[in-house]
Structures are given as structure tokens and as C-alpha cells.
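Numbering (UniProt numbering), first residue to last: 1 to 320.
Ideal Cβ positions, reconstructed from N, Cα and C, are used throughout, including at glycine.
Below is one structure, written out as C-alpha cells; comments come after it.
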């Protein structure tokens, strides 16, 4: 049952794009929060931006593409693979600008300062998996740049729940802190605990509806995280086409590591894999509980398929 995220590795520090001014829609519906109004006021003035230009001609700029999620869907693997392309410059860590109020209050200049340096021919990318499920984020991204190209990587909702739990479990273990079993989270009063946050994060259609209020579907490319694990190259090819990148990544950039049990990357003769924290085995779950979880996701998955106009090979148990 364990699903493994594939290989890829420490980000290569790359130079990046000349800052392009984000398109701001003055007629866009703005949030009632003072923070949002203040941010829009700041970004309406061109001189509010300070271009941090390097002597080699690279500079920091707002991203043209954001990997918005989903948590435990394979966002790190996707970013590492995409970073193989010479026209991609990726922010090294999760920025959490649009979902953390303390960061958002700092304004777009702070956001720019978190970006890597890039050359004019490159696309700057940042990834923060929490964006997809944060209600305030779609409007905030839209108000910054309504032409933003968004990448969303999804996997089987039930598997994502187990992976979500596994990450938190190991984080507690590393700090020598006890953590309840997954059954204690999944079951409440003898029934499936639908209030468990990990389950809510897997209700993709709810969160997708929020994004589609602001961005058309052709601005959101959905990467099949389960296929990315099994055969990464075709999925990355689709991402290249979505971002209008020249085809630079090829099948030889990926190799299956039998020891780790997942794909790793080969770049200019160097072989790299994701950190050992990736691809951890999921906890053993009673088959009846797993079937109950899969059955719960049956209708939400159908709604999501209808919403995006495509289906995914996700295991769904339906009681006879």
C-alpha cells in the first residue's frame, strides 16, 4: 500500500528572469480585509518595486508559475524534475506568502525578495502545497497576476490521507514525541471521522471550485501524481508544453533506483534522489477501514472528475 514519491534532489541554484510587472485587475473583487486593500494599494505603483539586479544581468522577480499543491501529492518531486529544464529557476523553499498572514502583510516586495535570481529567458517558479486548500489564496494570487500559470499535482485521495498522516507521525518521532495511531484520527464514535483535516485536504473538488472562481481551467495544469511516480517522463513532457517551454527534459534524465524503490534524476552525469524522508512506508491500516475511506471519496471524486473534465485511476471502493 505504500506509495513512493519519486526521485529528484536538492535544487540546483539557477539564475533567473528579468522581473515582469504582474498584471493587476483594478476591477477585480477585493477582499474586505485591510491587509488585502493595502497590498493592492502598494502594487498599483510601479516604483514600489525594487529590482534586485545582479552584475551578471540576472534579477529577482515575481514567479510566473506557482505549484499550488496538493500537500503530499508529489510537489517536491515535481519541482525537482522541472528544475532539470534550463529555462526554469525555482525558489528553494516553500514561501507561504499567500496563506500566512505574517508573510502576506510584508507585501510583494518581500515576496520578490524570496525568489531566486533569474535571466530574461527563464521562468521563475515557487511551490507551496498549502495554497491549494487555503480559501484566501486564489483571490490573492489573482489580484497579483490574473495570467498566472498554475501547477497542481494530485494523487489518489485515500493514499494522500495516509501519506499526510505519515509525515506528521515521523515529524513527532524525530522529536521523540508520542503520536496517536492513524485509527484514532480516522475513527470517531465508531464512524469515519470526516472532520479529520487530512480527509478534508483530499476533497479536491471543494478546493478546485474555489480556484475556478478566479482562474479558467486552461490556466491550471493538473499533474497525475500517481503516474509521475510510476513513469515520470510523460507527465513532465505535459508540463513543458503547458508552460510553453522548449522540450529539453528527456527520458534519459530519469532512472529507477532499485535500492530506494523509486525514480531518481540524472543531470549532466550526476545522479540525484529525493531526501530519505520522501517515499516512507505508510502505516498498516485495517482493510475494512481503508475500504470505508475509499468509499467516502467515491462521490467527491466523481464531482472532481466532472469539474475538470477528466478522470484519474484512483481506487474507489463501493459497498455492494
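8 Å Cβ cutoff met for residue i and residue j
i           : j           : result
residue 131 : residue 68  : yes
residue 125 : residue 90  : yes
residue 236 : residue 222 : no
residue 187 : residue 161 : no
residue 228 : residue 82  : no
residue 201 : residue 71  : yes
residue 307 : residue 80  : no
residue 312 : residue 218 : no
residue 121 : residue 240 : no
residue 185 : residue 204 : no
residue 64  : residue 95  : no
residue 290 : residue 183 : no
CA-to-CA distance, residue j to residue i, given in whole angstroms
i           : j           : result
residue 99  : residue 128 : 9 Å
residue 108 : residue 66  : 15 Å
residue 262 : residue 155 : 16 Å
residue 192 : residue 206 : 19 Å
residue 50  : residue 112 : 9 Å
residue 175 : residue 92  : 24 Å
residue 259 : residue 230 : 15 Å
residue 246 : residue 211 : 28 Å
residue 296 : residue 157 : 10 Å
residue 304 : residue 208 : 8 Å
Minimum C-alpha distance to residue i - residue among the options
i           : options               : result
residue 59  : 315, 123, 312 and 146 : 123
residue 148 : 62, 86 and 179        : 62
residue 151 : 73, 267 and 252       : 73
residue 145 : 238, 215 and 176      : 215
residue 87  : 274, 117, 199 and 50  : 117
residue 232 : 243, 244, 245 and 255 : 255
residue 55  : 292, 119, 101 and 213 : 119
residue 190 : 213, 253, 143 and 292 : 292
Cross-strand partners of residue i (DSSP beta bridge)
i           : result
residue 127 : 67
residue 310 : Residue 310 pairs with nothing; no bridge assigned.
residue 191 : 188
residue 266 : 271
residue 154 : 224
residue 149 : 65
At least three beta-carbon pairs within less than 8 Å, the segment 121-136 to the segment 159-179: Contact fails: fewer than three Cβ-Cβ distances are below 8 Å.
contact_flag[the segment 285-299, the segment 253-272] where n(CB pairs < 8 Å) is 3 or more: Too few Cβ pairs lie closer than 8 Å, so no.
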